[in-house]
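Q: Residue numbers (the working numbering): 15 to 127.
Positions of the beta carbon are idealized from the N, C-alpha and C atoms, including for glycine.
Shown below is the structure under consideration.
Rendered as structure tokens:
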């Protein structure tokens, strides 16, 4: 099984190392991906014991993100990157998904990070 693209039902967003993203720390705009290397705690999909958000190396430690390390509620996840939105809206590999999810396509066309 590949972890390049998947879906996180908790945060309602695409995940995987094939998904370009921005660090979920509110004060950071570092480009990352939503692969296991960047997920908060445990290198498990959806975060294991962590919040399941994705952070650059500056904002992620072995204890997780700063909120999880302190036992606080998670940050708000950032929206999909414009690069990822453009890919989903235009790449042929996503044609079937676009046909099956017109409401999601309309939402994506409404704006991205």
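1. Is residue 22 buried or exposed, if buried means 16 or more other CB atoms sit within 10 Å of its CB?
2. Based on Cα-Cα distance, which residue from 97, 98, 33, 79 lies nearest to residue 89?
3. For the beta strand (DSSP E) containing residue 23, name the first residue and the last one.
4. Please classify residue 63 as buried or exposed, where buried requires at least 16 neighbouring CB atoms within 10 angstroms.
5. So, residue 28 versus residue 67, is the Cβ gap smaller than 8 Å?
6. Which residues mark the beginning and the end of the beta strand (DSSP E) in which residue 45 is found?
7. So, under 8 Å CB-CB, residue 30 and residue 46 are touching, yes? Tell me the CB distance rounded to an integer number of Å.
8. May I have the straight-line CA-CA distance separating residue 33 from residue 44, to the nearest angstrom?
9. Using 10 angstroms around the beta-carbon of residue 65, count the other beta-carbons present and answer buried if the total reaches 16, otherwise exposed.
A: Quick look at the numbers:
1. buried
2. 79
3. Neither: residue 23 is in no beta strand (DSSP E) and is coded neither H nor E.
4. exposed
5. no
6. 45-48
7. Their Cβ separation, rounded to whole angstroms, is 12 Å, which puts residue 30 and residue 46 out of contact at 8 Å.
8. 14 Å
9. buried
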